[in-house]
Each structure stands twice: as structure tokens, then as C-alpha cells.
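One line per chain: the protein sequences are U and D, in this order.
First residue of the first sequence? That's 972 in the numbering used here, and the numbers climb one at a time after it.
First residue of the second sequence? That's 972 in the numbering used here, and the numbers climb one at a time after it.
We treat Cβ as the ideally placed atom computed from N, Cα and C, and that holds for glycine.
Here the structure is a predicted model, which is why all the values come from computation and not from measurement.
What follows is a short report on a single structure.
Number of protein chains: 2
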Amino acid sequence: MGQKGFTLWFTGMSGAGKTTLAQRIYEELKHKRGLKVELLDGDVVRTNLSKGLGFSKEDRDTNIRRIGFVCHLLTRNDVIAIAAAISPYEDVREEVREMIGRDRFVLVHVNAPLEVLIQRDVKGLYKKALAGEIKNFTGISDPYEPPRHPDVVVNTHEETIEESVAKIMRHLEERGLLTPVETGVPGV
Amino acid sequence: MGQKGFTLWFTGMSGAGKTTLAQRIYEELKHKRGLKVELLDGDVVRTNLSKGLGFSKEDRDTNIRRIGFVCHLLTRNDVIAIAAAISPYEDVREEVREMIGRDRFVLVHVNAPLEVLIQRDVKGLYKKALAGEIKNFTGISDPYEPPRHPDVVVNTHEETIEESVAKIMRHLEERGLLTPVETGVPGV
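This is how it looks when you write it as C-alpha cells:
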């Protein structure tokens, strides 16, 4: 019995697929496996943690540290925390990894080439950013530093969502953070 | 087995004894009883959650909602959250109670008359506030609304710390949030 707490942290540019993957993994862990898990993403974070913060490096760092702190509290009490945040800067991501503990932190780089993201542009944000209507837009007018030490990289322009989810779940099992589910198939 | 999560929220003016009591209860639950418990107080909150917030009603409300949100996440994952914050406004305290759920929220009013607090003045803050050197100081130049529906009131000018701690622990046991500890004395 007794689940292990850990933090599953999705980093990547807008539109890369962080939220979609975070939600899929959340559903898998929460509803299929019945584990204690919290999803810190989008509106939840904006409403409850980041209100008043902007897009300067300092404000972005404060936001990431704050989400990291909450993940830390959950993780050390054996709850699984899933965070999806652009988190463009290497130094603060690594600071969060240290705070939570390297063995309890899983960094997933949700990757796709910028041209693919500009093509997808689900929310129309890249168009506005390219037109100069949004300042400090990651990948266009603000930097995105790809993680130097990701635990998992998912290339969402080449993999289906199912493939990416499976890759992440496999990593969590191999790390001993999740117990593999019995397949129920004899001899397998 | 399986502890129940709840939030123990200390409200009261500066110097009333919130931190002292919160720490004592934290020690009791964490180290004597081996429960999962987090203490959100003072520096922890200032560093990790409230950075950049001031003392306007709006900023104070944001601070309280944010602490409340973290308590909510912990509580619903069966962790005990202890918060010590002046939290001077009735409406936001009640909002937090609703968010967390009335049956999982315990509001402790840490009370002492203002003249006693001015006499104690451990940090020298009342002196500065009375001299006008600190603006928006609760009880002097900013309101403190005593809770209309506290679950426990401790009068720290009339009770010892041990008495206040015992009163709070008894309430938690009577509410069924904590299991009474076996005394080990036969026949008692």
C-alpha cells in the first residue's frame, strides 16, 4: 500500500501539448488507478497562485517557484503533483527540482518545432505575438530554454497523444514511482 | 488507519499567540502522533506564497485566499494543514471555510485585549504603529473583525499555552478529526 509522492512537471512552449498530456495522465492516475493526485495548470494556477504576476523573468520565476512550492508540499506528503507551465528558464526549473528532490521530480519536455506551433495556433496567440500584439511571448519575443536534463522528451509533432502518454507512464514505472498495472493476460 | 485531512486556521492580531500555538500543535501532531501535517506560517508564507503583496484589503484577501487554496489541496488529500495568519476580515475567512468544507475547517480565534498586546509588543510593532511609522497595522490603523463563528476561542491573557493547546486538541477530538490518544492508565 501507500503511494509515493512525486512531481510530474511539464515544460514547453504554448500549444506544444502540455495541458492535454497533463490532463490525460491526471485522469489515468486519479480515476483509473485511484491515486491521490493534483493537477496545477492554467486557470487553477492563474486564479489561485499567480494573480498579479506578469511576464518579466522575475515574475515568471516567482510563478514557477510558487507552483514548485505547492508541488513540494504535496509530494512530501505522498501526493502526486502534476504541473503544466511553460517554465521557460533552466535555472528556476532546476531550482524546483532541487527543492522537491531529484528522485521525486520528473521533468517532461513537451516539444514541437516552432513552425508546427505557429501552424497549429489553437488559441490564435502566435498570430498576435508575431504581429507584435502580445509582448514577452515565449518563443517569439521571449526566450525558451530547452531543458538540458529532461527525464522524458515527447515530440508531439511525431507521436500520437497515446504514444506520449505511454512513454511517460513507462518512465514513471521504470523509476519505481508507479507500480506497473497487472495486465491480467496469463503468461504475459 | 488513514488520517483525516483538515485545516486548522488561527486568526488573531499580531502578538496574540497564533504562531506559538500553531507550532505547538504542529509538533504534537507531527512528532508525537506521526501524522502528515504542514504548517503555513510567517516566513514560509511570505517567501513562498505572498511575495509582492501589501496590506490593502485586496492584497490581504489575495494572501488569505492563496493560503486557503494550499490548505484546501492538502486537506482534500488527507493532510492536516495548519495556517496562522492575522486574517482580519470575516468575509474571506468564511470564503476559505466554504472552499475547504465546513466539516474539515476549524477556526481558532487567538484572542487577547489590545491593551495586553500593546503591553507585550514582543516585536516592537505596536509602538511603531502607534507612532504612525507603520501604516495599515491591524488593530491600530486597520480593522480586525473578530470571527462571528469561531470553533474555538483561546484567551491568551487568561490561559497558559498548555491550556490553550489542550482546548484545541480536545475540540479536534470531539469533532472526530483526531483520534483520542490512549492514556495507558488502567481503568481511566
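Proximity of residue i and residue j at Cβ, strictly below 7 Å
{"i": "valine 1125 of chain U", "j": "serine 1112 of chain U", "result": "no"}
{"i": "leucine 1000 of chain D", "j": "leucine 992 of chain D", "result": "no"}
{"i": "histidine 1080 of chain U", "j": "threonine 982 of chain U", "result": "yes"}
{"i": "leucine 979 of chain U", "j": "valine 1041 of chain U", "result": "no"}
{"i": "threonine 1127 of chain D", "j": "alanine 1100 of chain D", "result": "no"}
{"i": "glutamate 1116 of chain U", "j": "proline 1059 of chain U", "result": "yes"}
{"i": "alanine 997 of chain D", "j": "isoleucine 1053 of chain D", "result": "In the sequence under discussion, the amino acid at residue 997 of chain D is tyrosine, which differs from the alanine named in the question. In this structure, isoleucine 1053 of chain D lies closer than 7 Å to tyrosine 997 of chain D by Cβ."}
Residues near residue i by beta carbon distance below 8 Å, same chain, minus five either side
{"i": "serine 1088 of chain U", "result": "The question names serine, but residue 1088 of chain U is leucine in the sequence shown. Cβ within range, chain order: Met984, Ser985, Gly986, Ala987, Tyr1097 and Gly1110."}
{"i": "threonine 1150 of chain U", "result": "Glu1144"}
{"i": "lysine 1138 of chain U", "result": "Val1123, Val1125 and Glu1130"}
{"i": "glycine 973 of chain D", "result": "Asp1049"}
{"i": "methionine 1140 of chain U", "result": "Ile996, Glu999 and Leu1149"}
{"i": "valine 1008 of chain D", "result": "Tyr997, Leu1000, Lys1001, Val1050, Ile1051, Ala1052 and Ile1053"}
{"i": "proline 1118 of chain D", "result": "Thr982, Glu1061, Arg1064, Leu1078 and His1080"}
Proximal residues to residue i (C-beta, below 7 Å), its chain only, five neighbours per side dropped
{"i": "glycine 976 of chain D", "result": "Leu1045, Thr1046, Arg1047, Asn1048, Asp1049, Val1050, Ile1051 and Arg1075"}
{"i": "glycine 1147 of chain U", "result": "none"}
{"i": "lysine 1003 of chain D", "result": "none"}
{"i": "aspartate 1014 of chain U", "result": "none"}
{"i": "threonine 1033 of chain U", "result": "Leu1024"}
{"i": "aspartate 1092 of chain D", "result": "Gly986 and Lys1098"}
{"i": "proline 1114 of chain U", "result": "Pro1059"}
Cβ neighbours of residue i in the same chain (closer than 6 Å, five flanking residues each side left out)
{"i": "glycine 1158 of chain U", "result": "Confidence at glycine 1158 of chain U is low in this model, with a pLDDT of 49, below 50, so the placement of that residue should be treated as unreliable; the coordinate-derived value is given next. Closer than 6 Å at the Cβ level, and outside the excluded window around glycine 1158 of chain U, lies no residue."}
{"i": "valine 1152 of chain U", "result": "none"}
{"i": "glutamate 1029 of chain U", "result": "none"}
{"i": "arginine 995 of chain D", "result": "Val1136"}
{"i": "histidine 1120 of chain D", "result": "none"}
{"i": "lysine 989 of chain D", "result": "Phe981, Gly983, Ala1055 and Val1081"}
{"i": "arginine 1068 of chain D", "result": "Phe1076"}
{"i": "leucine 947 of chain D", "result": "Past the boundaries of the shown model lies residue 947 of chain D; chain D is included only from 972 to 1159, so the question cannot be answered."}
{"i": "isoleucine 1057 of chain D", "result": "Thr1109"}
8 Å contact criterion, which residue i and residue j should meet: CB distance rounded
{"i": "aspartate 936 of chain U", "j": "alanine 1055 of chain U", "result": "A query on residue 936 of chain U cannot be resolved here, the shown segment of chain U reaching from 972 to 1159 and no further."}
{"i": "isoleucine 1038 of chain D", "j": "valine 1016 of chain D", "result": "6 Å"}
Residue-chain proximity (residue i, chain A), Cβ-Cβ < 7 Å
{"i": "alanine 1083 of chain U", "result": "Among the chains of the structure shown, chain A does not appear; the protein chains present are U and D."}
Item to check | Contact residues within the stretch 1038 to 1062 of chain D, judged by C-beta distance below 8 Å to chain U | outcome: For the stretch 1038 to 1062 of chain D, the beta-carbon criterion of a distance under 8 Å to any beta-carbon of chain U is satisfied by Phe1040, Val1041, Leu1044, Leu1045, Asn1048, Asp1049 and Val1050.
Checklist entry - Three or more C-beta pairs closer than 8 Å, one from the stretch 1004 to 1023 of chain D and one from the stretch 1057 to 1069 of chain D: is that the case here? => result The stretch 1004 to 1023 of chain D is not in contact with the stretch 1057 to 1069 of chain D.
Checklist entry - Taking a cut of 8 Å between CB atoms, which residues from the stretch 977 to 995 of chain U lie near chain D? => result Those residues of the stretch 977 to 995 of chain U that come within reach of chain D (Cβ to Cβ, closer than 8 Å) do not exist; the list is empty.
Next on the checklist: Taking beta-carbon pairs under 7 Å, can you tell me which members of the stretch 998 to 1019 of chain U lie near chain D?
Outcome noted: For the stretch 998 to 1019 of chain U, which is checked against every Cβ of chain D, the residues closer than 7 Å are Lys1007, Glu1009 and Asn1019.
Item to check | Proximal residues, the stretch 1019 to 1036 of chain D versus chain U, C-beta separation under 9 Å | outcome: Within the stretch 1019 to 1036 of chain D, the residues whose Cβ lies closer than 9 Å to some Cβ of chain U are Asn1019, Leu1020, Lys1022, Gly1023, Leu1024, Asp1030, Thr1033 and Arg1036, listed in chain order.
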